[in-house]
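**Q** Protein chains in written order, with the numbering used here: chain A, 165 to 303; chain B, 8 to 293; chain C, 1111 to 1246.
Would you mind keeping the following structure in view while I ask a few things?
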Amino acid sequence: MTSGVDLGRPQAQTVGSDEDVVRVRQLVRTVAVAVRLSLVDQTKVVTAASELARNTLVYGGGGTVEVAAVDNGRRPGIRIVFADTGPGIADLDLALTDGYTTGGGLGLGLSGARRLVDEFDIQTAPGQGTRITITKWSR
Amino acid sequence: MALSADESGRLGELLASRSEQVTQRWTEIIAGQLRGRLSQAELVRQVQELHRALVDALSKGAVDLNAEDATELRAVLADFSRGQARQGFSATETATGVFALKEALLTALDNDQSVATLRDYVAFSALVDQMGLFTFETFVRTRESLIADQAEQLLELSTPVVKLWESVVAVPLVGTLDSARAQVVMERLLQTLVDTGSPYAIIDITGVPAVDTQVAQHILKTVVAARLMGADCIISGIRPQIAQTIVALGIEFGDIATKASLADALRHVLRLTGVETSRRQPRREA
Amino acid sequence: MERVPILKIGDILLVSIQVDMSDQTAVALQEDLAERIVATGCHGVIIDITALDIVDSFVGRMLSTIASISRVLDAETVVVGMRPAVAITLVELGLSLNGIRTALNVERGMELIAIDRADDRDEPDDDPVPEPTASP
Chain A
165 MTSGVDLGRP QAQTVGSDED VVRVRQLVRT VAVAVRLSLV DQTKVVTAAS
215 ELARNTLVYG GGGTVEVAAV DNGRRPGIRI VFADTGPGIA DLDLALTDGY
265 TTGGGLGLGL SGARRLVDEF DIQTAPGQGT RITITKWSR
Chain B
8 MALSADESGR LGELLASRSE QVTQRWTEII AGQLRGRLSQ AELVRQVQEL
58 HRALVDALSK GAVDLNAEDA TELRAVLADF SRGQARQGFS ATETATGVFA
108 LKEALLTALD NDQSVATLRD YVAFSALVDQ MGLFTFETFV RTRESLIADQ
158 AEQLLELSTP VVKLWESVVA VPLVGTLDSA RAQVVMERLL QTLVDTGSPY
208 AIIDITGVPA VDTQVAQHIL KTVVAARLMG ADCIISGIRP QIAQTIVALG
258 IEFGDIATKA SLADALRHVL RLTGVETSRR QPRREA
Chain C
1111 MERVPILKIG DILLVSIQVD MSDQTAVALQ EDLAERIVAT GCHGVIIDIT
1161 ALDIVDSFVG RMLSTIASIS RVLDAETVVV GMRPAVAITL VELGLSLNGI
1211 RTALNVERGM ELIAIDRADD RDEPDDDPVP EPTASP
């Protein structure tokens, strides 16, 4: 579930190469600092973004990432949307299991990223692409 | 409810022309309830400032407190209410300070009993209500941030990380550990490891009355994080009840070193680092 | 693509990661390091990640792989300088960096390697020392 309102325009970054993943990390870091996340929370959300942006590139065949500062009325936060038009995920429960991988990784991308953020929303279906929205609130 | 442009103009004029009368009555009412907790001069200054900001806003044609023209008025109100909150006045006293304006205005109306005046008064009264509510909200927000600041200061105070020996730091935890505090303590501990270059840390929980699953998890995660950084943690001072809770909750401490007391833990670390400890009068061997 | 420089100091290879690493840079480092270990005959590798503000699963895997490769080539790897926020995040992510030895800073890392080499000399070659690990 997501809540809160957008503050200002979200910043977009296309993900088509390895270097773009680095750019996503830098963009997320900038916004996370701007909404005054603690150092540990900044690190968590940047790490989650790195995992998910790599998924967008490797499994989704590339896509876009949108980063926005949000506010739920009580505290500010950062919201990131990862969207691709790739093959989608057939078995979501399995994909969210620790250690499950189809790409030869450690299988911690999705499940690990979910543990690092406050809100995690995923919309996907086979052939429909994948859209993941994560939010981290400042404490 | 907003004022019409006419109404705001008329009110602005009235307030300006009867300035002295209004502010004096306004000050009297507030002074009555504050019973000398604020100096007369300070009070007069505040009331005059509010009055001036209100007249300004109305003369610019402000018809609503949220209007652009009322920015200055909002700022003055917010200032007033923050001041009251910091000085320990109650929310009621703060809001009443603004509501008193209604009565003060009534004195300025003399005995004008026309229906038009009544209508203006009701419209104006709505604006004052808005101002009162705004003051109230600012008051609450100020108090909340005061509380948050104090909570943070308390955290800072209650989480010392001390260097016990060359290469050894310790955190003596005292009092109830909630999740937020556990997190702060642990982050600070890890940072101290880096700053001092100490590869050993002792987490002493003698002074912790109870441990729940979340807190135990925090401690465990810290120990694992410290290992990732290249440091070892020893947990000391686990009380019998806490040991029982830990086992009952099914929390695995795994191969984490635990010692009965801080002294035992320190001795353990010193032995690991190769420091010899001996009693001054060695017991004679048989 | 940027490459991470590898310095040789005595019997040790020192890798100080100063760039925001892309996955390609990480893979390249892995390859470069294996070559350098063989070329120099060094017995210790120190990877300094003080400057890294995040370690995600890809970099984590790279570190594990480097440790395994260097072990096969008879060199000990120590990862040093991990920031507290990074360590906390790795724990939450579920990455335990199994098989990687860690130290707080370069100095401590060098000590670790020195102790290891000393132990090695004391023991006969056919008795491999079991690897202490960074996690339970």
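Each residue gets a CB set at the ideal place from its N, CA and C atoms; glycine is no exception.
#1: What in chain B is Cβ-close to THR1212(C), meaning under 8 Å?
#2: So, under 8 Å CB-CB, MET1220(C) and ILE1116(C) are touching, yes? Tell me the CB distance rounded to an integer number of Å.
#3: For chain B, check one thing: does any of its Cβ atoms lie closer than 9 Å to the Cβ of ASP1226(C)?
#4: Starting from the beta carbon of GLN198(B), find every residue of chain C whose beta carbon is closer than 8 Å, and list them in chain order.
#5: I'd like to check one pair, LEU1207(C) with GLY1170(C): are the Cβ atoms closer than 9 Å?
#6: With H, G and I counted as helix, E and B as strand and the rest as coil, what does DSSP make of THR207(A)?
#7: Looking only at its chain, what residues have a beta carbon closer than 7 Å to the beta carbon of ASP282(A), apart from the 5 residues adjacent to it on each side?
#8: Under 9 Å between C-beta atoms, does VAL176(B) make it to chain C?
#9: Using 9 Å as the limit for Cβ to Cβ distance, is VAL1169(C) near chain B?
#10: Quick check on this structure: which residue in ILE258(B), THR149(B), LEU277(B), GLY244(B) has the alpha carbon closest to the alpha carbon of SER268(B)?
#11: Any contact between the segment 1146-1159 of chain C and the segment 1185-1193 of chain C? By contact I mean 3 or more CB pairs, one from each, below 8 Å.
#12: Considering Cα atoms alone, identify which of GLY1120(C), ASP1163(C), ALA1136(C) is closest to ARG193(A).
#13: Would you mind working out which of LEU65(B), THR213(B), ASP136(B), ARG234(B) sits nearest ASP13(B), comparing C-alpha positions?
#14: Measuring alpha carbon to alpha carbon, tell me which of PHE246(A), ARG239(A), LEU201(A), ASP235(A) ends up nearest ALA176(A).
#15: SER214(A) touches chain C at which residues, Cβ-Cβ below 7 Å?
#16: With which residues is ALA177(B) paired in a DSSP beta bridge?
#17: Between the alpha carbons of ARG1231(C) and ALA1213(C), how many angstroms are there, rounded?
#18: Is any beta-carbon of chain A found at less than 9 Å from that of ILE1198(C)?
#19: Step through the CB atoms of chain C and report whether any lies within less than 9 Å of the CB of THR145(B).
#20: With a 10 Å radius around its C-beta and 16 neighbouring C-beta atoms as the bar for buried, classify GLN190(A) as buried or exposed.
#21: Counting only runs of 3+ residues fully inside the segment 1143-1185 of chain C, write out the beta strand (DSSP E) ranges in chain order.
#22: Rounded to the nearest angstrom, how far is the Cβ of LEU22(B) from that of VAL62(B), given a contact under 8 Å?
#23: What does DSSP give as the partner residues of SER243(B) in its beta bridges?
#24: At which residues does the beta strand (DSSP E) containing GLN377(A) begin and terminate?
#25: With PHE106(B) as the anchor, note down where its alpha helix (DSSP H) starts and where it stops.
#26: Which of the three DSSP states, helix, strand or coil, is assigned to LEU1117(C)?
#27: To the nearest angstrom, how far is it from the Cα of SER1132(C) to the Cα of ILE154(B)?
#28: So, is GLU49(B) buried or exposed, given that buried needs 16 or more other C-beta atoms within 10 angstroms?
#29: At a CB-CB cut-off below 8 Å, which residues of chain B make contact with THR1207(C)?
#30: Distance cutoff 9 Å, beta carbons only. Does GLY276(A) sit that close to anything in chain C?
#31: So, is SER174(B) buried or exposed, given that buried needs 16 or more other C-beta atoms within 10 angstroms?
#32: With the cut-off set at 9 Å, would you say ILE244(A) and LEU216(A) are in Cβ contact?
#33: Measuring CB to CB, does VAL1155(C) end up less than 9 Å from ALA1195(C)?
**A** The answer reads as follows:
#1: For THR1212(C), the chain B residues whose C-beta falls within less than 8 Å of its own C-beta are ARG234, LEU235, MET236, GLY237, listed in chain order.
#2: Incorrect: roughly 16 Å between the Cβ atoms, too far for contact.
#3: With 9 Å as the cut-off, ASP1226(C) does not count as an interface residue toward chain B.
#4: Within chain C, the residues placing a beta-carbon under 8 Å from that of GLN198(B) are PRO1194, ordered along the chain.
#5: In contact: GLY1170(C) and LEU1207(C) (Cβ atoms closer than 9 Å).
#6: Reduced to three states, the DSSP call for THR207(A) is helix.
#7: Contacts found: THR299, LYS300, TRP301.
#8: Contacts with chain C at 9 Å (Cβ-Cβ) do not include VAL176(B).
#9: Judged by the 9 Å Cβ criterion, VAL1169(C) is not in contact with chain B.
#10: When the alpha-carbon of SER268(B) is set against those of ILE258(B), THR149(B), LEU277(B), GLY244(B), the nearest one is in GLY244(B).
#11: Taking a cut-off of 8 Å on C-beta distances, the segment 1146-1159 of chain C touches the segment 1185-1193 of chain C, as three or more cross pairs fall below it.
#12: Of GLY1120(C), ASP1163(C), ALA1136(C), the residue nearest in Cα terms is ASP1163(C).
#13: Of the candidates LEU65(B), THR213(B), ASP136(B), ARG234(B), the one whose C-alpha sits nearest the C-alpha of ASP13(B) is LEU65(B).
#14: The shortest Cα separation from ALA176(A) among PHE246(A), ARG239(A), LEU201(A), ASP235(A) belongs to PHE246(A).
#15: In chain order, ILE1164, ASP1166 make up the part of chain C whose C-beta sits under 7 Å from the C-beta of SER214(A).
#16: Its beta-bridge partners are VAL169(B), ILE209(B).
#17: The alpha-carbon of ARG1231(C) is positioned some 22 Å away from that of ALA1213(C).
#18: ILE1198(C) counts as touching chain A.
#19: Cβ-Cβ to chain C under 9 Å: no for THR145(B).
#20: Counting of Cβ neighbours within 10 angstroms places GLN190(A) among the exposed residues, the total staying below 16.
#21: Segments of the beta strand (DSSP E) lying fully in the segment 1143-1185 of chain C: 1154-1158.
#22: Rounded, the Cβ-Cβ distance is 5 Å, consistent with contact.
#23: Under DSSP, the beta-bridge partners assigned to SER243(B) are ASP211(B), LYS266(B).
#24: Outside the shown range of chain A, which is 165 to 303, sits residue 377(A), and nothing can be said about it.
#25: Where PHE106(B) is concerned, the enclosing alpha helix (DSSP H) stretches over 98-115.
#26: Residue state, collapsed to three classes: strand.
#27: When rounded, the distance between both Cα atoms is 44 Å.
#28: GLU49(B) is exposed by the Cβ-count criterion.
#29: For the sequence presented, residue 1207(C) should be read as Leu rather than Thr. Here the neighbours are LEU235.
#30: The C-beta of GLY276(A) comes closer than 9 Å to at least one C-beta of chain C.
#31: Buried, because 16 or more other Cβ atoms sit within 10 Å of the Cβ of SER174(B).
#32: Yes, the pair counts as a contact, with Cβ atoms nearer than the cut-off.
#33: Here VAL1155(C) is not near ALA1195(C), since their CB atoms are 9 Å or more apart.
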